[in-house]
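Participant:
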């Protein structure tokens, strides 16, 4: 992901029906964690949703198999939002 030259970057966990922001974090520069930052961030944001059968719709920037398994262990399903561009996806899936 290419960082923005100007402005602020925010991470948000929002309700898809109401738009209510459950959790937010402002990016303040490089994090100290050497592990997958987006996985750790997502797990910390969803800690209050454990074992409640929530569905998480997530951008491909955050998606990885480690995160999917961690969420599944806590009864949170994950759906990756796919951008139908490029040669990877069949023509029939493109709008």
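In the working numbering, the protein residues as written are 34 to 128.
Beta carbons: idealized from backbone N, C-alpha and C, even for Gly.
For a quick check, are the C-beta atoms of residue 46 and residue 72 less than 8 Å apart?
Facilitator: Going by C-beta atoms, residue 46 is not nearer than 8 Å to residue 72.
Participant: To the nearest angstrom, report how far apart residue 75 and residue 105 are at their CA atoms.
Facilitator: In a straight line, the C-alpha of residue 75 is about 13 Å away from that of residue 105.
Participant: If I measure Cβ to Cβ from residue 110 and keep anything under 6 Å in the same chain, skipping five residues before and after, which residues do I get?
Facilitator: Within the same chain, residue 110 has close Cβ partners 88.
Participant: Following the continuous alpha helix (DSSP H) through residue 72, name the residue where it begins and the one where it ends.
Facilitator: From DSSP, the alpha helix (DSSP H) with residue 72 extends over 70-78.
Participant: Using DSSP with H/G/I as helix, E/B as strand and the rest coil, what is residue 58?
Facilitator: Strand, per DSSP.
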